[in-house]
Structures are given as structure tokens and as C-alpha cells.
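In what follows, a structure is listed as C-alpha cells, so that the remarks can point back to it.
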Amino acid sequence: MYRALVFLLLLITWIVLSGLIDPFHIGLGVISSALVAWLSSDLLFEDRSAKLIHRLKQLARLPGYLIWLLWQIVLANIHVLRISFSPKINDQIQPQIVRFRSGLETDFENYVLAQSITLTPGTVTLDIDKDVFTVHAISDHAAKGLVSSMAQRVKNVFAE
Amino acid sequence: MGELLNIVSIILILSGLVFFLGASIGILRFPDFYTRMHAAGKGDTLSTILIMSGMAIQVIGDFEGSSVLVAIKILAIAVLIMLTSPTSTHLLMKAGFDDGIIPVSKDKKTKINDLGGPFLKDSLSNESVAKKKTATRKRVKK
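Chains as they are written, first to last, in the numbering used here: chain Z, 3 to 162; chain S, 9 to 150.
In C-alpha cells:
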């Protein structure tokens, strides 16, 4: 089941990247996708016990989170832009290290949260130890944004 | 229609350039390694997305099959940068942190805010940061 999913993902990537839709090139794509899916499909999708419908539910919830994240990136970028153009830069920044528990269980959820934190300008993940995050924030405003709802949103996306 | 798409893509690319400018000025003006990494590593995420989507709109133009494929490829570049750029920023910052570079802060002391969860009393108290600092100094002297 998961092997077929990996095969489909690879084939779609092949067709998009090659852009040639004729029997010869698609045939080559089918052969190489099948070969890669057969040899190394276990590199993708760690937890094979989850049902496919469950995965589809997670996939359906992902775009909402991504749009919210994009909006956060816009807001935070404007914040950093304002700091770097401000005449008295030292009054604007309050660099600090913040540590908190995310309360997320799997590695992948923590990875998504860490990536989201680093993507929003003003905060960078320094270290993760299981679910303990050490984050460097450039200002009080950015640090305040951390403890808002981001972890909860990630949790909602990957919920049962 | 073509005129409108042109204007939208130009606005997107220009605003991307403004964010890039802000990031470059940030690199020059921010006070220490960590804050500069903020500007260098991530000022470019939004600007890359904006510039790439501007280019994608520019390429799509007349909605022919092949140009849509090119637009998808351009957006794939934006996604790739969204995945790799935070990773490299995180690794550089982690390397600096593990090596004992002390972040500046307003009152000249490194403070660590513990937010949420039970209190954590392990590796990262202020004393251990100070220890790291002396260890680094010793290494530099050698």
C-alpha cells in the first residue's frame, strides 16, 4: 500500500520535472519509479501502522496550517524589516534565549514545529531535546509569538 | 488580462526585493552573530517566495501546457528553499551555540526564559553558559 503511494509520488515528480508526455519518456519514468519504490520505499513514511484514510485526513488539514504559517511569515518579516530600517536599532531588539516544552509526541511533529519556528523571521530553533525547544528570539515581540498557538496548531494537524 | 498579470508579477518581485534589501541591511547593522543570522538566513524566505511567485506569474502568461509546467518547477524551487534555508540557519546557529558564543542581550547578561512546562534545571543554566564562555576563552588562548 505504502509502496504504491511512494511509486505514485515519484512518478508525479518525474512527469512534472521532465515535462515530456509521450510513451517513451513516461515508460522510462514508470520503470525508474518502480525500481526506486521497490528498493527504498521504506525511507518515506516512518509509521506504517497508520491507516491510509488517516494520512489523507492529515493531508487535508495541512494546507490550512501552511496558509496560516505563510501569513505568520509575512507578519514576522515586516517586523524584522522594521527593526533593520529603524534608526535606533539597539532600542528595537531584545535578543534572548527562550526555552519551552512543545508537548508534541513524534519526531516528525517536532520537526515541523522547529522548521516553522525557524521559518518565521525573528526566531531560530537552537536545539531540540525530545520536546524541549531552545529558541533564540530577536525581540520580545518575536518571543511572545512563540508561545502562541503554533504548537497547538501542529498538534491539530497531526491529530488522530 | 496579460497587462494585469504583468503588473501583479512586477509588484510581487518589487516587494520581494524590498524584503531582500531589509535582510542585507540587517546583516550589516545587527549587533552579534545570532542576530545577524536572523537577518541573513531568513530574511530571504518571504522574499524568495515573493520573487519566485512573481516569476511564475510572468512565465504562465498565456496558460499553455508547457509554461504551466515551468511555473510549477519555479514554485518547487521556492518550496525547496523553504525547506533547506531554515535547516542551514538552524545548524549554523547550533554550531555557534555549542561552541560557546554568548548572545548579546540588553542588560549584558545572557538570560534564559523558561516558558511553559516544568522547570528545566539541566544543561542550560546561566552558570553553564558562563562555563562555556571561559572554556572558549581558554581554547582561544592556546
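Where a beta carbon is used, it is the ideal one built from N, C-alpha and C, also for glycine.
Against chain Z, a Cβ distance below 9 angstroms from F105/S picks out I99, L128, D129, T136, H138. For the pair D131/Z and L12/Z, the Cα-to-Cα distance works out to about 33 angstroms. Between the region 124-138 of chain Z and the region 20-27 of chain S there are fewer than three inter-stretch CB-CB distances shorter than 8 angstroms, so the stretches are not counted as touching. Counting the other CB atoms within 10 Å of its CB gives A62/Z a total below 16, which places it among the exposed residues. Closer than 7 angstroms at the C-beta level to chain S, one finds these residues of the region 57-91 of chain Z: I75, V76, N79, V82, L83, S86, F87, I91. Listed in chain order, the alpha helix (DSSP H) elements of length 4 or more contained wholly in the region 10-50 of chain Z are 25-42. A straight-line Cα-Cα distance of about 14 angstroms links D129/Z and Y42/S.
Interface residue (Cβ-Cβ distance to chain S less than 7 angstroms): T120/Z is classified as such. In the DSSP assignment, V159/Z forms no beta bridge with any residue.
Interface criterion met: the Cβ of F27/S is under 7 angstroms from a Cβ in chain Z.
Here the region 21-38 of chain S does not lie against the region 74-83 of chain S, with fewer than 3 beta-carbon pairs under 8 angstroms apart. I80/S carries a helical assignment under DSSP once its states are collapsed to helix, strand and coil.
A straight-line Cα-Cα distance of about 34 angstroms links T92/S and G10/S. Contacts between A64/S and chain Z, judged by CB atoms closer than 9 angstroms, are missing: the closest CB pair is about 13 angstroms apart. A residue is called buried when at least 16 other Cβ atoms come within 10 angstroms of its Cβ; M60/S meets this threshold and is buried. The shortest C-alpha to C-alpha distance from H98/S to any of L77/Z, F110/Z, I75/Z, L121/Z is the one to L121/Z.
Using beta-carbon distances, G31/Z does not count as an interface residue toward chain S, since no partner is under 7 angstroms. Listed by position along chain Z, the residues whose Cβ is nearer than 9 angstroms to that of S74/S are G21. Here the region 52-59 of chain Z does not lie against the region 92-106 of chain Z, with fewer than 3 beta-carbon pairs under 8 angstroms apart. Chain-ordered, the chain Z residues with CB closer than 8 angstroms to the CB of I33/S read S86, F87. Annotation: T125/Z is outside any alpha helix (DSSP H); the continuous beta strand (DSSP E) that includes it extends over 125-131. When the beta-carbon positions are compared, T125/Z and A116/Z stay at least 7 angstroms from each other. Annotation for Q117/Z: the continuous alpha helix (DSSP H) segment containing it runs 109-121. Put simply, the CB of V114/Z is far from chain S, with every gap to its CB atoms at 7 angstroms or more.
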